[in-house]
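Have a look at the structure below before the remarks.
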Amino acid sequence: MFGIYNKYMCNQSPAENKCLSLVGVPIGGRAQIRSIDHDLPGRGRLHGLGLFEGTVLKVIRTDDPMIVLALGSRVALAHRVAQCIEVDLLPQSEP
Amino acid sequence: MSITFLPKAPPTAPTMPPLRTQAVIALAGTPNAGKTTLFNALTGLRSKTANFPGTTVEIKRGRISSAHEDITLLDLPGIYGLQPHTPDEEVACRILTQQPPPDLILAVLDATNLERNLLFVSQLMELDVPVIIALTMMDIADRRHLKVDVDGLREALGCPVIPVSGRTGDGVSELRNQLLETVAREAATHPLPCLSCRGCPIATRHAWSRSLCDQCVRAPATPSEQHTEKLDAWLTHPVFGLMAFMAIMVGIFFIIFQLAEAPMAWIEDLFEASGDWISAHMAESWLRELIVNGILAGVGGVLVFLPQICFLFFFLALLDDTGYLARAAVVMERWMERIGLPGKAFVPLLSAHACAIPAIMATRVLEQPRDRLLTILIAPLLSCAARLPVYIMIAGLLVPNAPVKAALLLSGAYLTGIAAALAAAFIFRRTLLPGEHQALIIELPDYRRPGFRTALLYTIDRGALFLRQAGTLILLFSIIMWFLATFPPAPETITQDHESTPTLSETHDRDLAHSYAGRLGQFIEPVIRPLGFDWQIGIGLISSFAAREVLISTLAIIYGMEGEDEESESLLDGLRQSTRADGSAVFTVATCMSLLVFYILAAQCIPTQIVTRRETGSWKWALLQFSYMNVLAYIVALLTYQTLRVLGYA
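Line by line, the protein sequences give chains A and B. 1 is the number of the first residue of the first sequence in the numbering used here; add one for each residue after it. 1001 is the number of the first residue of the second sequence in the numbering used here; add one for each residue after it.
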């Protein structure tokens, strides 16, 4: 039952467990990219579209493909890709 | 299995040699930045599309002329950076980084999204080439209350920055003057300090673009994105998005067929009138026969579809310009991934309903070679415009004077093609081309009003390309088919064996039976007989390898209705009344259905195989495409005919 949950979560202690896969971010949620899997075939394309370590995203749609807003652009991502993007969830009020 | 991809220029081949005789400006930018609109505004109709040497990637070249300079402007495929992911991007990057480089790079930047666009500019400015920046979408930036400090940007970048609007023409003449001036005085480059040498290149570039935007762009505290978000909530919705997609596509096809009807009739009338005029003013000779029944009949048969193809490209260009096509790819991804196709493949597959050739070329948007190959292999199964006249002819034979039934039959034919393509993709993905398709990563540009001028120029360009590519080859095949169906002439002795004077139709039948085409038809008859086809239909099948629609003119010639309008009642009446030697009807329900199924599934278009070979770089894929489609067509037509025969429809 917790398999899917564990797949999306990083190996961190419960206290600092804000790091998760992009798929786990809810609609309207904001997150900052912590890392992108180096083996991901579309990694270069993500960089070109402004999705790289440090980019702040807003999730617009969560179904597959999901839609995020990054550097002023909307980008649609298959869940297979989003699962390889590790993010830190940001509070709603943070700019 | 190793997959060959787009053929590249051999290492020794010169890159774009003809361009170096005059100054060259490369127009570079991210997709959807307004590059092509600006290119059209700068060059007007003085442009042409040509393949990049050694590849099938098309580059548009235009000219900017002045009293002293004649400059070539290259409209490069959209790129997000200098690391290419598709064949198109590879060519764009090669042009920008090749030796010698372009004389100038005109970088097109979307003013509404400067932070990301400047990431790309930072890479361009590291090249040892002068750069001029055209700032597009300024009107949209204004509407969003984005204030761009153009002077500040110019100062910070150390190169000319000119706000322009390709649609209204604002700033275009200033930009043109700046281009001419910069090329004339061979301006020095303004390279940035190498950002990629300072630790992580991406982070450094981003920090640079962020600081530049902080300095030069004033954005409102709350960005206004409600318009796009509201539309996206519907158009990318799993259910409503699919319904909207279907409605848009059905609407477009309906409009295409409605609008194309009149110009198609004009073209048909023009060729018919030309044939009549030549027949009336030229003495009877083999040359007259060649012109009227070979060239005009064959070429006219293809040109008649030009309006449909042009309308399809026009509407696709408009849809693309609105930003909708990217949303459609998102909607289709959900369904197409289940059979192993990427969502992006839907655009080429959609184009295949006009013609498989541009569809195969459009697969270059796919990043993964396997996805591209899979899409190329199945694209010809989708019913192209050339099949439509054959479907209409068979519908006329099967359900005369019943428009609703005929419409259902045509819809069924199109759906059969789609089902066969999806089934083939499913099987290929699990056998020859295993593995997951490239997961979707696509930018969804802002919705905007489409530019009719850009769509029109694109349509003219595509139409001209279709004429060049299809028309020349069809002309050749038409001449060959006419030769095969005319020579050798039947010996006089055969004609004189008859007690009474033979009718024109009988003479024609005997001449045809004696011709090379007739002999070929009789040679293949044992193979096609189980499908319900006789040797005359066999000639039609063979002639269809030039172009499918040639079947109709071939049947008209074979059944002695030369010179008649192929789709007229006289043709259908003639076909309905045609009988075999034993007196039984040729075009029974079983034969018609078998013929219909065969034409839906068969690979009969040699130009398609030639383009497949060019795009995949190997004959083996072209041969595979040709073989699997024809074997499939044969088997399904056989099953159809034999089943209907058992049921008493033969």
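Heads up, the beta-carbon is just placed ideally off N, CA and C, and yes, glycines get one too. As the structure is a prediction and not an experimental result, all values here were calculated from the model.
In this structure, P1445 of chain B lies away from C1605 of chain B, with their beta-carbon atoms at least 8 Å apart.
Scanning chain B for C-beta atoms nearer than 9 Å to the C-beta of H47 of chain A yields Y1080, G1081, Q1083, L1119 and I1202, reported in chain order. Minimum Cα-Cα distance from I1133 of chain B among the listed residues B:D1110, B:A1633, B:G1412 and B:G1294 corresponds to B:D1110. Counting of Cβ neighbours within 10 angstroms places W1619 of chain B among the exposed residues, the total staying below 16. By the rule that beta-carbons nearer than 8 Å mark a contact, A1092 of chain B does not touch chain A. Measuring C-alpha to C-alpha distances from D1511 of chain B to each of B:V1148, B:P1488 and B:L1296 identifies B:P1488 as the nearest. With 16 or more other Cβ atoms from the protein chains shown falling within 10 Å of its own Cβ, K1060 of chain B counts as buried. Here the region 1147–1161 of chain B does not lie against the region 75–90 of chain A, with fewer than 3 beta-carbon pairs under 8 Å apart.
Distance from the Cα of I1552 of chain B is smallest, within the candidate group B:A1141, B:I1394 and B:G1521, for B:I1394. Contacts with chain A at 8 Å (Cβ-Cβ) do not include H1227 of chain B.
The beta carbon of G72 of chain A sits closer than 8 Å to some beta carbon of chain B. Against chain A, the CB of R1364 of chain B has no partner CB under 8 Å away; the residue lies outside that interface. If you draw a 10 Å sphere on the C-beta of A1280 of chain B, you find fewer than 16 other C-beta atoms in it, and that means exposed.
Neighbourhood of L1456 of chain B in chain A, by CB distance below 7 Å: empty, with the nearest CB roughly 28 Å away. For A1395 of chain B, the enclosing alpha helix (DSSP H) stretches over residues L1388 to L1398.
In the displayed model, T1322 of chain B falls within a helix according to three-state DSSP.
In this structure, B:D1534 is the residue among B:V1299, B:V1550 and B:D1534 with its C-alpha nearest to the C-alpha of D1582 of chain B.
Separation of the CB atoms of L1118 of chain B and C1213 of chain B is rounded to 7 Å, and the pair is thereby assigned contact status at 8 Å. In chain order, T1236, G1241, L1242 and F1245 place their CB closer than 7 Å to the CB of V1331 of chain B, counting only its own chain and leaving out the 5 sequence neighbours on each side.
Listed in chain order, the non-local C-beta contacts of F1545 of chain B below 6 Å within the same chain comprise Q1604 and I1606, local neighbours out to five positions each way being set aside.
Per the Cβ contact rule, the region 1353–1369 of chain B is not in contact with the region 1446–1454 of chain B (fewer than 3 Cβ pairs under 8 Å). Residue pairing for M66 of chain A: DSSP places it in a beta bridge opposite A:L77. Listed along the chain, the chain B residues whose CB falls inside 7 Å of the CB of P41 of chain A are Q1438. Comparing C-alpha distances from F1313 of chain B to each of B:A1092, B:Q1258, B:Y1634 and B:I1460 shows the shortest one belongs to B:I1460.
If you draw a straight line from the Cα of L1316 of chain B to the Cα of D1151 of chain B, it is about 38 Å long.
At the C-beta level, V75 of chain A and L49 of chain A come within 8 Å of one another. When Cβ-Cβ separations below 8 Å define contact, A31 of chain A makes no contact with chain B. Residue contact check for D63 of chain A against chain B: a CB pair falls below 8 Å. In this structure, DSSP gives D37 of chain A a state outside helix and strand, which the three-state scheme calls coil.
Residues of the region 82–93 of chain A whose Cβ lies closer than 7 Å to any Cβ of chain B: none. S1594 of chain B and G1532 of chain B do touch by the CB rule: their CB atoms are close to 5 Å apart, below 8 Å. The Cβ of L1444 of chain B sits closer than 8 Å to at least one Cβ of chain A. For V1330 of chain B, the C-beta contacts it makes with chain A under 8 Å involve P65, I67 and A76, in order along the chain. When rounded, the separation of the alpha-carbon atoms in A1423 of chain B and I1339 of chain B is 8 Å. Taking a C-beta distance under 8 Å as the contact criterion, F1428 of chain B and L1374 of chain B qualify as a contact pair. Taking 8 Å as the threshold, the shortest C-beta distance from R34 of chain A to chain B does not fall below it.
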